[in-house]
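**Q** Take any residue in the sequence shown, note its place counting from 1, add 40, and you have its number in the working numbering. Starting off with a structure, shown below.
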Amino acid sequence: MAVKPTSIPPFPEAEYMLVISPEEHLQERIARVRQSLSEKTGIRTREGKTHITLARWQAWDMMEERLLQRLRVLAMEQYPFQVQMEDFKGFPSHTVCIQVPTREPILRLVARVRKHKRLMRSMENDPYFVSEPYLTIARGLTAPQYEQAMQVLGGKHFHASFVASAMLLLKRRAGGQPYQILARFDFEHLPVTARQASLFA
Numbered sequence: 041m042a043v044k045p046t047s048i049p050p051f052p053e054a055e056y057m058l059v060i061s062p063e064e065h066l067q068e069r070i071a072r073v074r075q076s077l078s079e080k081t082g083i084r085t086r087e088g089k090t091h092i093t094l095a096r097w098q099a100w101d102m103m104e105e106r107l108l109q110r111l112r113v114l115a116m117e118q119y120p121f122q123v124q125m126e127d128f129k130g131f132p133s134h135t136v137c138i139q140v141p142t143r144e145p146i147l148r149l150v151a152r153v154r155k156h157k158r159l160m161r162s163m164e165n166d167p168y169f170v171s172e173p174y175l176t177i178a179r180g181l182t183a184p185q186y187e188q189a190m191q192v193l194g195g196k197h198f199h200a201s202f203v204a205s206a207m208l209l210l211k212r213r214a215g216g217q218p219y220q221i222l223a224r225f226d227f228e229h230l231p232v233t234a235r236q237a238s239l240f241a
């Protein structure tokens, strides 16, 4: 009797997102903007904390520990920097967001993250790296909803800033479950000897 070959199960795959998150008092201020927009238009705005996405990708769990180590070293080298948030804009006709004119330090950080993209790939998908930083107010809008939202927010002013002193790695299982914080990487701007001491302590 022939023995059927056993199939090898695939490695578990997860979705990841690397983000910079504003301070709590700014999260509350942005939440009030969302609530006001929802009350004036009936549009259901994005729930939960907002953030600036640096990268999104899918990968196997087996790659996770190596990537965590690389991101930890990257964050040790990274210096904290100020992030400006300025007024509202839209991506016609589906997303309304707060502009982030502080592009250069964010994109330099993204470029450093991109160097590890071989650890951020799955069989079907390449990683996404942000090219225009922003904070989402509402997304997945229909064209009429988008027009409504821009009528409410388009002429309003918003200004705030915060110091980006860390980045967060979020994770969820493929299939739409909520993201959970997997790791926090503080920006330490350590010299080489101090980084080595921290890694091997």
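Think of the CB as a built atom: it goes at the ideal place given N, C-alpha and C, for glycine as much as any other residue.
Take the Cβ of methionine 102 as the centre, count every other Cβ of all protein chains shown within 10 Å, and call the residue buried at 16 or more, exposed below.
**A** Looking up residue 102 in the sequence shown gives position 62. Exposed is the call here.
**Q** Please look up how many angstroms separate the CB atoms of leucine 209 and leucine 58, rounded, as I've assumed it's under 8 Å.
**A** Numbered from 1 along the sequence shown, position 169 holds the residue referred to as residue 209. Numbered from 1 along the sequence shown, position 18 holds the residue referred to as residue 58. Rounded, the Cβ-Cβ distance is 6 Å, consistent with contact.
**Q** Pairs of beta-carbons, one from the region 81 to 95 and one from the region 58 to 67, closer than 8 Å: are there three or more?
**A** yes
**Q** Between phenylalanine 240 and the rest of its own chain, which residues show a CB-CB distance below 6 Å, the 5 nearest in sequence each way excluded?
**A** Working through the sequence shown from its first residue, we reach residue 240 at position 200. With a pLDDT of 49 at phenylalanine 240, under the threshold of 50, the modelled position of this residue cannot be trusted, and the question is left open.
**Q** According to DSSP, what are the bridge partners of arginine 212?
**A** Your numbering for residue 212 matches position 172 in the sequence shown. Per DSSP, Glu55.
**Q** Might you give, ordered along the chain, the residues of its own chain that have their beta carbon closer than 8 Å to the beta carbon of serine 162, omitting 5 neighbours on each side?
**A** The sequence position of residue 162 within the sequence shown is 122, counting from 1. Glu53, Trp97, Gln98, Ala99, Trp100.
**Q** By DSSP's criteria, phenylalanine 131 is part of a beta bridge. Which residues make up the other side?
**A** Start at 1 with the first residue of the sequence shown, and residue 131 comes out as number 91. Per DSSP, Thr135.
**Q** Taking the alpha carbon of isoleucine 146 as the point to measure from, which residue in Phe227, Gln185, Ala189 has its own alpha carbon closest?
**A** For the purposes of this step, residue 146 is taken as the residue at position 106 of the sequence shown. Per the Cα distances, Phe227.
**Q** Looking only at its own chain, which residues have a Cβ that is under 8 Å from the Cβ of threonine 81, when we skip the five neighbours before and after it?
**A** Within the sequence shown, numbered from 1, the residue matching residue 81 stands at position 41. Once the five neighbours on either side are set aside, the close Cβ partners of threonine 81 are Gln185, Gln188, Ala189, Val192.
**Q** If you count every other CB in all the chains shown that lies within 10 Å of the CB of arginine 154, and 16 or more means buried, which is it?
**A** For the purposes of this step, residue 154 is taken as residue 114 along the sequence shown, with counting starting at 1. The residue is exposed, with fewer than 16 neighbouring Cβ atoms inside 10 Å.
**Q** If you measure between the beta carbons of tyrosine 174 and valine 140, is that distance less than 8 Å?
**A** Taking the first residue of the sequence shown as position 1, residue 174 is located at position 134. Taking the first residue of the sequence shown as position 1, residue 140 is located at position 100. Result yes, Cβ atoms of tyrosine 174 and valine 140 sit closer than 8 Å.
**Q** Specify the secondary structure class of threonine 176 as computed by DSSP and reduced to three states.
**A** The count along the sequence shown starts at 1 and reaches residue 176 at position 136. Threonine 176: strand per DSSP, three-state reduction.
**Q** Do histidine 156 and leucine 107 have their CB atoms nearer than 8 Å?
**A** By one-based count along the sequence shown, residue 156 stands at place 116. By one-based count along the sequence shown, residue 107 stands at place 67. Yes, Cβ-Cβ distance for histidine 156 and leucine 107 is below 8 Å.
**Q** Under 8 Å between the Cβ atoms of serine 205 and glutamine 124?
**A** Position 165 of the sequence shown holds residue 205. Position 84 of the sequence shown holds residue 124. No, the pair does not count as a contact, with Cβ atoms beyond the cut-off.
**Q** Which same chain residues end up closer than 7 Å to alanine 223 when comparing Cβ atoms and leaving out the 5 residues on each side of it in sequence?
**A** In the sequence shown, counting from the first residue as 1, residue 223 sits at position 183. In the same chain as alanine 223, and ignoring 5 residues on each side of it, the C-beta atoms closer than 7 Å to its own belong to Leu108, Leu209, in chain order.
**Q** Helix, strand or coil for serine 78, going by three-state DSSP, please let me know.
**A** Taking the first residue of the sequence shown as position 1, residue 78 is located at position 38. Here serine 78 sits in helix by DSSP.
**Q** Whole angstroms is fine: what's the gap from valine 150's alpha carbon to glycine 130's?
**A** Counting from one through the sequence shown, the residue named residue 150 turns up at place 110. Counting from one through the sequence shown, the residue named residue 130 turns up at place 90. One C-alpha to the other measures close to 22 Å.
**Q** Output yes or no for whether 8 Å exceeds the beta carbon distance between arginine 84 and arginine 179.
**A** For the purposes of this step, residue 84 is taken as the residue at position 44 of the sequence shown. For the purposes of this step, residue 179 is taken as the residue at position 139 of the sequence shown. No, Cβ-Cβ distance for arginine 84 and arginine 179 is not below 8 Å.
**Q** Give me the Cβ distance between leucine 111 and phenylalanine 225, rounded to the nearest whole Å; I'm assuming they're in contact under 8 Å.
**A** For the purposes of this step, residue 111 is taken as residue 71 along the sequence shown, with counting starting at 1. For the purposes of this step, residue 225 is taken as residue 185 along the sequence shown, with counting starting at 1. Going by Cβ atoms, the distance from leucine 111 to phenylalanine 225 rounds to 5 Å, so yes, they are a contact pair.
**Q** So, are the CB atoms of glutamate 55 and alanine 214 less than 8 Å apart?
**A** As a first step, residue 55 must be located in the sequence shown, where it is residue number 15. As a first step, residue 214 must be located in the sequence shown, where it is residue number 174. The answer is yes: Cβ separation under 8 Å.
**Q** If you compare alpha carbons, which of Arg143, Gly195, Leu181, Phe128 is closest to glutamine 122?
**A** Residue numbering aside, residue 122 sits at position 82 when the sequence shown is read from its first letter. Ranking the options by Cα distance to glutamine 122, first place goes to Arg143.
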